[in-house]
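Residue numbers (my numbering), protein chains in the order written: chain X, 84 to 370; chain U, 17 to 373.
Take a look at the structure below.
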Amino acid sequence: MTTDLVRQEVKPTDGIKHAKKEVNWTKYILISLMFLYLVVFLLIPLVFIFVKAFEKGAEVYFAAITEPDALSAIKLTILVAIISVPLNVVFGIAAAWLITKFQFKGKQILLSLIELPFAVSPVIAGLVLVLFFGPRGVLGPFLNEIGLKIIFSVPGIIIATMFVTLPFVARELIPVMQAQGKTEEEAAISLGANGWQMFLRVTLPSIKWGLLYGMILCNARAIGEFGAVSVVSGHIRGETNTMPLHVEILYNEYQFSAAFAVASLMSLLALVTLLIKTWIEWRTEKH
Amino acid sequence: MTIEIRDVSKRYGSFQALQNINLEIPKGELVALLGPSGSGKTTLLRMIAGLESIEEGIISFDGKDLTNTHVNQRDVGFVFQHYALFKHMTVFDNIAFGLNVRKKKLRPKKAEIEKKVYELLDLVKLSGFAKRYPSQLSGGQRQRVALARALAVEPQILLLDEPFGALDAKVRKELRRWLRKLHNEMHVTSVFVTHDQEEALDVADRIVIMNEGKIEQIGTPSEVYDSPKSPFVYDFLGDVNLFHGRLDQGKLKVGSVELNVPEYQNISDKEAVGYVRPHHMKIDRQKQSDDAIAAKVFFCHSIGPVWYVELKRENMDEYVEVELTKEEYEQLNLSVGEFVYVRPKEMKVFIPEDFVI
Chain X
84 MTTDLVRQEV
94 KPTDGIKHAK
104 KEVNWTKYIL
114 ISLMFLYLVV
124 FLLIPLVFIF
134 VKAFEKGAEV
144 YFAAITEPDA
154 LSAIKLTILV
164 AIISVPLNVV
174 FGIAAAWLIT
184 KFQFKGKQIL
194 LSLIELPFAV
204 SPVIAGLVLV
214 LFFGPRGVLG
224 PFLNEIGLKI
234 IFSVPGIIIA
244 TMFVTLPFVA
254 RELIPVMQAQ
264 GKTEEEAAIS
274 LGANGWQMFL
284 RVTLPSIKWG
294 LLYGMILCNA
304 RAIGEFGAVS
314 VVSGHIRGET
324 NTMPLHVEIL
334 YNEYQFSAAF
344 AVASLMSLLA
354 LVTLLIKTWI
364 EWRTEKH
Chain U
17 MTIEIRDVSK
27 RYGSFQALQN
37 INLEIPKGEL
47 VALLGPSGSG
57 KTTLLRMIAG
67 LESIEEGIIS
77 FDGKDLTNTH
87 VNQRDVGFVF
97 QHYALFKHMT
107 VFDNIAFGLN
117 VRKKKLRPKK
127 AEIEKKVYEL
137 LDLVKLSGFA
147 KRYPSQLSGG
157 QRQRVALARA
167 LAVEPQILLL
177 DEPFGALDAK
187 VRKELRRWLR
197 KLHNEMHVTS
207 VFVTHDQEEA
217 LDVADRIVIM
227 NEGKIEQIGT
237 PSEVYDSPKS
247 PFVYDFLGDV
257 NLFHGRLDQG
267 KLKVGSVELN
277 VPEYQNISDK
287 EAVGYVRPHH
297 MKIDRQKQSD
307 DAIAAKVFFC
317 HSIGPVWYVE
327 LKRENMDEYV
337 EVELTKEEYE
347 QLNLSVGEFV
357 YVRPKEMKVF
367 IPEDFVI
């Protein structure tokens, strides 16, 4: 009887100590595993890109990124981003606004549709565009008649990029706007503001960080998109090659240093994007 | 400005939020819309503001039909339940907002806006707070900023949605008094929504009591409190004891007790319910008349100077609450478990056929 009691008394405390230790172990094991994983799969390849790019010296590196085809690819990539990101911002704000401030039938369907590009493989998205706008596609003969070329030219690349990046801004804004509700906007209106003033002075400032975050993600994807763009571009050097496509071509032609040089440029862009994103996260947390 | 509401109804899908509301709010009055949650009071307030569309009926200000006038043209100041201050703007910018968004022709000069804002800050006793952000203010301060912001556009009508709902008891009472004082000085027609009877009775010139989308009673605080027109109003405006019984020739028979109800002389043998406020009940040691109800002291407790005595009726599973002053309570010297007699000094009888309880 007495021994039983003693045992019972000891057991729980022992258990707690044990549990505490276990939690700590789990934590450290997980941390080391995560770091190992990230170093092997992310950091080493990233460093490797820069090592490879500069393998044959800075001269080769700069020659590779200033060569006309490379410059044209850089220009095209920037053009695509400049056009598709703002369009996405407009669409994203409109969609988030509609979904969070109004009640209507089919809201759930609209939400699913917005996320469709996440679910569909970019290659399929590209193929759909070819089937639709291509020379033998549904709108092909009509487009041919009015002399508009979409597939295998810049408009096709932009449309493909827009398709793939469509959800980014909307997805960032919907939870932000949902959390804000609409009373601040109602307050603005009741104080005599018109719709535009309400948007610029009340809505936009309160969603700006979410919006910027969405824009950055959208921009990163617009610059890096390969699959969909590859299908619609036609790979015309100096004309319809974006940076990722250019990297692929160089690589296939065994110009490894040049390929890695352009790739390093893209990685640099990605790193800058990541930095801005972290800064924004830090800002939003601070507020 | 006089607000006139004629035959206004509102429906959300199958839910009837408001039903045939008719109400006139005279110029300069401070009116409370009082009711439990879901009674439609906030919907009505938002319809007056123009934040909800009006599908049935007419709302007019000074005889001018505003049914289809947009919120930003209505000249109303609206104070939201959770203040809805612009979080990214300073207190100054919040208050100046209504003036800054005016069309260029109507917009006051920058110096004038500044003067106006500081005047308002003075009025709401927040002079040193112009540069603060809403997140740096307490609930009561935010509420006053919201009020100053609404007043900045010099509205003809001030609408307040549960203005003191989110504040603690002491601040609430203070702000209540302050709002009353402010209203006496400014004479803006004001309507506020509340579910707190005390607040409505304390502040308003007139109270509109609402229940399930309908107006139950309109009257001054003393009118609605002293002569409630329906069991709902009676129940909602304070604690109440119910005596179920049969009404016969001016008497309400509750068990073996007969209570006098002179106003119902001509009714014979009908079910009825007597409503008695706890402070209209008297406790006696001895049975002094036929209307004394035997009961056992069950529980006594005090809140400040008021004593509440809960009693269990003899042979019944019903409880009676009596409110006594401290002196009365001390004089009676009651002890728990003791048998006494309770007697209603004042009672209002409703016949359930007329009113659904």
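Built from N, CA and C at the ideal position, the CB exists for glycine as well.
Integer-rounded CB distance, given that residue j should sit under 8 Å from residue i
i: X/C301; j: X/T248; result: 5 Å
i: U/D306; j: U/S284; result: That belief does not hold up - the Cβ atoms of U/D306 and U/S284 are roughly 19 Å apart, past 8 Å.
i: U/A288; j: U/V365; result: 5 Å
i: U/P42; j: U/T18; result: 6 Å
i: U/L348; j: U/I231; result: Not a contact, Cβ separation roughly 41 Å.
i: U/Y280; j: U/Y250; result: The Cβ separation is near 16 Å, so there is no contact.
i: X/A243; j: X/V312; result: 5 Å
Buried/exposed call for residue i, threshold 16 Cβ in 10 Å
i: X/E138; result: exposed
i: X/F124; result: exposed
i: X/K347; result: Looking at the sequence shown, residue 347 of chain X is not Lys but Ser. When all chains shown are included, X/S347 counts as buried.
i: X/Y111; result: exposed
i: X/E255; result: buried
i: X/A303; result: buried
i: X/F187; result: exposed
i: U/Y335; result: exposed
i: X/A202; result: exposed
i: X/E308; result: buried
i: U/E337; result: buried
i: U/K342; result: exposed
i: U/H199; result: buried
i: X/V60; result: In the structure displayed, chain X extends from 84 to 370; residue 60 of chain X sits before or after that span and is not available.
i: U/V107; result: buried
Under the three-state DSSP convention, the category residue i falls into
i: X/M281; result: helix
i: X/V122; result: helix
i: X/F235; result: coil
i: U/R160; result: helix
i: U/V209; result: strand
i: X/Y334; result: helix
i: U/M297; result: strand
i: U/P360; result: strand
i: U/N36; result: strand
i: U/D184; result: coil
i: X/K265; result: coil
i: U/E68; result: coil
i: X/D152; result: helix
i: U/L82; result: coil
i: U/G290; result: strand
i: X/H318; result: coil
i: U/K269; result: strand
Short CB-CB distance (under 9 Å) between residue i and chain X
i: U/V254; result: For the record, residue 254 of chain U in the displayed sequence is Gly; it is not Val. No - not a single Cβ of chain X is within 9 Å of the one on U/G254.
i: U/G114; result: yes
i: U/M17; result: no
i: U/V169; result: yes
i: U/F77; result: no
i: U/K26; result: no
i: U/Q89; result: yes
i: U/M105; result: yes
i: U/A182; result: no
i: U/A166; result: yes
i: U/L101; result: yes
i: U/L108; result: The question names Leu, but residue 108 of chain U in the sequence shown is Phe. No, because no Cβ of chain X sits closer than 9 Å to the Cβ of U/F108.
i: U/Q172; result: no
i: U/F94; result: yes
i: U/H296; result: no
i: U/V133; result: no
i: U/R192; result: no
i: U/Q97; result: yes
Contact test: residue i Cβ vs the ligand ATP heavy atom, cutoff 8 Å
i: U/G73; result: This structure lacks the ligand ATP, and indeed carries no ligand of any kind.
**Q.** Positions along the segment 183-210 of chain X whose CB lies within less than 8 Å of some CB in chain U
**A.** none
Q: Could you list the residues in the segment 266-291 of chain X with a C-beta less than 8 Å from some C-beta on chain U, going in chain order?
A: T266, E267, E269, A270, A271, I272, S273, L274, G275, A276, N277, Q280, R284, V285, P288, S289
Q) Can you list, in chain order, the residues of the segment 32-66 of chain U whose Cβ is nearer than 9 Å to any Cβ on chain X? A) R62, A65, G66
Q) Between the segment 199-220 of chain U and chain X, which residues of the former have a C-beta closer than 9 Å to a C-beta of the latter? A) none
Q | Residues of the segment 141-161 of chain U whose Cβ lies closer than 7 Å to any Cβ of chain X, in chain order | A | none
Q | Interface positions of the segment 116-128 of chain U facing chain X (Cβ-Cβ less than 7 Å), listed along the chain | A | V117, R118
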